[in-house]
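Chains as they are written, first to last, in the numbering used here: chain A, 3 to 459; chain B, 3 to 459.
Using N, Cα and C, we set each Cβ at its ideal position, and we do this for glycine too.
Report on one structure; see the data block that follows.
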């Protein structure tokens, strides 16, 4: 393991630091550069051998790559960009503003320019934007020996060779994928097509989502999934390392959104205090304003509250139970939808299942709640008044209703969000809790009105 | 893309189904078998060619593999187990009870038995339990041509060849990792050591966590990370596909725990209603019982509640704000700790940062809350009484206090859990909310006592 930490002194000698870093692994150099301002990082990169600088720029964990690129003189940066893998170069160029982006793109050699341009047209988060155009393909008419010779020639390519893609010599349609390992053990004289597996490879459309790419790679244990266009022609490959980065990024987003905040894609310490507060304040304010409806609801029940102050004691308990059951159901269904265990059209089957589940869970909590009130009353720990049995019944019945309601809302919300085109992960736990809170109060006071009518109310 | 769905009729003809499935990809066959009971799946497997059956059993998405293995006659299952990759065979054997496990283990050939035994000794979720022992290693004295010949010979191995590991011929210590692609382009006459990169490979200890394996593979863009023991000897490799499965599994666990429930590792539809209720009821009851403290706290403030019923109106609003800010901070720190952006020893730096953040966020909500009360009062939407300004001040000051407190508790809890040896992901949003709720009430009535003393209270 090579983990480098660099002192963050005020004065950094880029040349000295570059000399010290040159022998490290690219990911470790990137980590060291992340601790410097982009101008210093740019100076260090220029002091590294070109091949190393390219490898560092190719590392997705390098931050502010766009700013670093901008801080390097144009004549020095063009060879670096040309050396980078096309998918990463496109990502970095996307970080730049015009006219710098077009200017740099214009200076690249024709082949790189074409690759990068092609990648820039695909929508963000699509398989097309994630893919690399640097793959090894050969016509189906070649022999194993010819193919081996070709692989030796293109070895200078920086991205790993995952498989050899065999194309129809005329239509360029993808026919087969041949693992490198099979190529090595094949008879050099035989046709490359004969050496390949007999099955057409699993492929993906450039417009499919990156989650779909991750799912295919994970399901079929692939090192790369070929991206083919409508005509069946190979336009690129999505590799397993790009997918891992995408999965980790998505996981962070999901947890943060679930925690009720806009996703922050920078490391904790890199986010300025003001930026952090802005990212968190937005959601917090939105939830706060929605939750204000609880105050309005309470105001509507002021009469009941004044007559039966004992009811207020259980408001926090009842509201949190609704929120908890809702966030359970949401977390369960978000994952089930993401992993394709449940389809969108299954919503009614899920509803039919969550309703009895919620009623059972609510009944369990209701029994505990009634037991709590009864015990406190019996042992004289608190006096809930002469109608304590009715108060306990109100709490118990309310819990059944609110937990069932919370489970229903929590399980249906991911479907609803998906149908209207949102990512279900925005159905964060606090969001569900807020939705359930207001209704919970209405259920509580509705049940109270029914049960306590003529006694307390 | 090959996605197969199988009718789940009552009567299945295993031979016919096997014939239909034989041409599918292993992952798709596994998906089809998942829709059958283990006994039927076992019958189908026996009707598939041995090589295909082995590939299906090797697919991690195949469920109840243990039960399927048990349902196949011993003489038929032993060749299947011997054909499987050692790491997957060990996983499947772990699902079996004694004496079946030892009986099957005893029937395997010596080499497989030794590999599986070795894997069974490593703790669950360790790199050692995740690794495969089927890697290609050669002594440093070999030439490129000898190594190529060796790779051709071992091509029958089912797991992909990721790299050639070069060992010291005497001590067997791992010296270098040589990518297959580099082996192909190297001069056949030269030493394999000369063809390899000049750097020692990134390695991992068998006792390291699977998260650490995932982190190294992701950081250094590896296809596999070699696992070496204390003496520097290569004992196995953790491959990228095992790590992806581990990441996806962990992500599911994290979201579910964050949603406040025990992790369910089976797909939604496979979990029986009773099992589902049990999994969810445990956490829900635990949270409910903790949340009962709010009722106790409210009882303690009964005097204040009776005097100033207007205070009850804002209880849900205030409590949810504390919970939301807490779950924000928790989700942020859980990820930062998991991604190693923040170290355990950084807890005080985080506290120093969350305190001003929380105070700022609380002030924003406080201002909104005061504005809401003022507007409603001004426009006659509701009458908060003659002391409405003091009530508004109470709500505003409480919000600052509770949001700051929520952010502190939410951010420190993941550290605390990690220190006492728990996974920080158990610091689920509802858990934080429950913690903050009770304290929130105390803060609210404390602030009210200070501000409203002599007027309402």
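Does the segment 324 to 336 of chain A come close enough to the segment 233 to 248 of chain B that 3 or more CB-CB pairs lie under 8 Å?
The answer is no - the segment 324 to 336 of chain A does not touch the segment 233 to 248 of chain B, with fewer than three Cβ pairs under 8 Å.
Cβ contact (3+ pairs, closer than 8 Å) linking the segment 300 to 320 of chain A and the segment 443 to 452 of chain A
Segments in contact, yes.
Report yes if the C-beta distance between residue 343 of chain B and residue 270 of chain A is below 9 Å; otherwise report no.
Taking the C-beta atoms as reference points, residue 270 of chain A is found nearer than 9 Å to residue 343 of chain B.
Which residues mark the beginning and the end of the alpha helix (DSSP H) in which residue 45 of chain B is found?
Per DSSP, the continuous alpha helix (DSSP H) segment holding residue 45 of chain B begins and ends at 40 to 49.
Can we say the segment 118 to 130 of chain A touches the segment 146 to 153 of chain A, given the rule of at least three CB pairs closer than 8 Å?
By the Cβ test, the segment 118 to 130 of chain A is not in contact with the segment 146 to 153 of chain A, since fewer than three Cβ pairs between them sit closer than 8 Å.
Okay, do the segment 403 to 423 of chain A and the segment 357 to 372 of chain A touch, 3+ Cβ pairs below 8 Å being the bar?
Enough Cβ pairs lie closer than 8 Å, so yes.
Would residue 71 of chain B and residue 98 of chain B be called neighbours here (beta carbons separated by less than 9 Å)?
Contact: yes.
DSSP state of residue 424 of chain B, grouped into three classes?
Per DSSP, reduced to three states, the secondary structure at residue 424 of chain B is coil, with no helix or strand assignment.
Can you tell me whether residue 274 of chain B is helix, strand or coil according to DSSP?
Here residue 274 of chain B sits in coil by DSSP.
Residue 199 of chain B (DSSP reduced to helix, strand or coil):
Looking at residue 199 of chain B - three-state DSSP - the assignment turns out to be coil, as it is neither helix nor strand.
Rank B/36, B/386, B/417 and B/374 by C-alpha distance to the C-alpha of residue 398 of chain B and give the top, closest one.
Taking each of B/36, B/386, B/417 and B/374 in turn and checking the Cα distance to residue 398 of chain B, the smallest one comes out for B/374.
Rounded separation between residue 322 of chain B and residue 293 of chain A - CA only:
Taking the straight line joining both Cα atoms gives about 8 Å.
With a threshold of 16 other CB atoms inside 10 Å of the CB of residue 317 of chain B, please say whether the residue is buried or exposed.
Buried is the label assigned to residue 317 of chain B, since at least 16 other Cβ atoms lie within 10 Å of its Cβ.
Tell me, please, whether the segment 277 to 292 of chain B touches the segment 350 to 364 of chain A by the rule of three or more beta-carbon pairs shorter than 8 Å.
These segments touch.
Any idea if residue 172 of chain B is buried or exposed, counting beta-carbon neighbours within 10 angstroms, 16 or more meaning buried?
With fewer than 16 other Cβ atoms from the protein chains shown falling within 10 Å of its own Cβ, residue 172 of chain B counts as exposed.
Shorter than 8 Å, the distance from the beta carbon of residue 42 of chain A to the closest heavy atom of the ligand COA, or not?
Only the bare structure without any ligand can be found here, which leaves the ligand COA out of the picture.
Assuming residue 142 of chain B contacts residue 185 of chain B under a Cβ cut-off of 8 Å, what Cβ separation, rounded to an integer in Å, is found between them?
The distance from the Cβ of residue 142 of chain B to that of residue 185 of chain B is about 14 Å, inconsistent with a contact at the 8 Å cut-off.
Simplified DSSP state of residue 382 of chain B, which is helix, strand or coil:
The three-state reading of DSSP puts residue 382 of chain B in coil, since its state is none of H, G, I, E or B.
Let's test the definition: count the other Cβ atoms within 10 Å of the Cβ of residue 258 of chain A and tell me whether it reaches 16, buried, or not, exposed.
The residue is buried, with at least 16 neighbouring Cβ atoms inside 10 Å.
Compute the Euclidean distance between the alpha carbons of residue 21 of chain B and residue 31 of chain B, then round it to the nearest angstrom.
Taking C-alpha positions only, residue 21 of chain B is separated from residue 31 of chain B by approximately 11 Å.
Given that a residue counts as buried once 16 or more other Cβ atoms are within 10 Å of its Cβ, and exposed if not, what is residue 33 of chain A?
Residue burial is scored here from C-beta neighbours: residue 33 of chain A has at least 16 other C-beta atoms within 10 angstroms and is therefore classed as buried.
Considering only the beta carbon of each residue, do residue 153 of chain A and residue 183 of chain B sit closer than 9 Å?
Against a cut-off of 9 Å, the Cβ pair of residue 183 of chain B and residue 153 of chain A comes out as a contact.
Inter-residue Cα distance where the pair is residue 61 of chain A and residue 36 of chain A
Whole-angstrom Cα-Cα distance: 12 Å.
Under 7 Å (Cβ pairs) to chain A, residues found in the segment 375 to 399 of chain B:
Flagged, chain order: 384.
Which chain A residues are close to residue 275 of chain B, counting only those with a beta carbon under 9 Å from its beta carbon?
Chain A residues near residue 275 of chain B: 355, 358, 359 and 362.
Would residue 189 of chain B pass as a contact of residue 198 of chain B if the rule is Cβ separation under 9 Å?
In this structure, residue 198 of chain B does not lie closer than 9 Å to residue 189 of chain B by Cβ.
Are there 16 or more other CB atoms within 10 angstroms of the CB of residue 285 of chain A, so buried, or fewer, so exposed?
Under a 10 Å Cβ-count criterion, residue 285 of chain A is classified as buried, with 16 or more other Cβ atoms of the shown protein chains found around its own Cβ.
Pick from A/378, A/348, A/250 and A/45: whose alpha carbon is nearest that of residue 73 of chain A?
Ranked by Cα distance from residue 73 of chain A, the options A/378, A/348, A/250 and A/45 are led by A/45.
Rounded separation between residue 139 of chain B and residue 111 of chain B - CA only:
Residue 139 of chain B and residue 111 of chain B: Cα-Cα distance of roughly 21 Å.
Confirm, please, whether the CB-CB distance from residue 213 of chain B to residue 29 of chain A is below 9 Å.
No, Cβ-Cβ distance for residue 29 of chain A and residue 213 of chain B is not below 9 Å.
On a Cα-Cα basis, can you pick out the residue from A/75, A/65 and A/57 that is closest to residue 85 of chain A?
Distance check between residue 85 of chain A and each of A/75, A/65 and A/57 places A/57 closest, using alpha-carbon atoms only.
What does the alpha-carbon distance come out to for the pair residue 454 of chain B and residue 393 of chain B?
Rounded to the nearest angstrom, the two C-alpha atoms are 8 Å apart.
With 8 Å as the limit, tell me which residues of the segment 106 to 126 of chain B have their beta carbon closer than that to any beta carbon of chain A; keep them in chain order.
Listed by position along the chain: nothing, the set is empty.
Please identify the residue among A/415, A/274, A/391 and A/287 whose C-alpha is closest to the C-alpha of residue 457 of chain A.
Minimum Cα distance to residue 457 of chain A is reached at A/391.
Through-space distance from residue 25 of chain A to residue 15 of chain A, alpha-carbon basis
As the crow flies, the alpha-carbon of residue 15 of chain A is around 17 Å from that of residue 25 of chain A.
Can you find a CB in chain B that lies within less than 9 Å of the CB of residue 448 of chain A?
By this cut-off, residue 448 of chain A is not an interface position.
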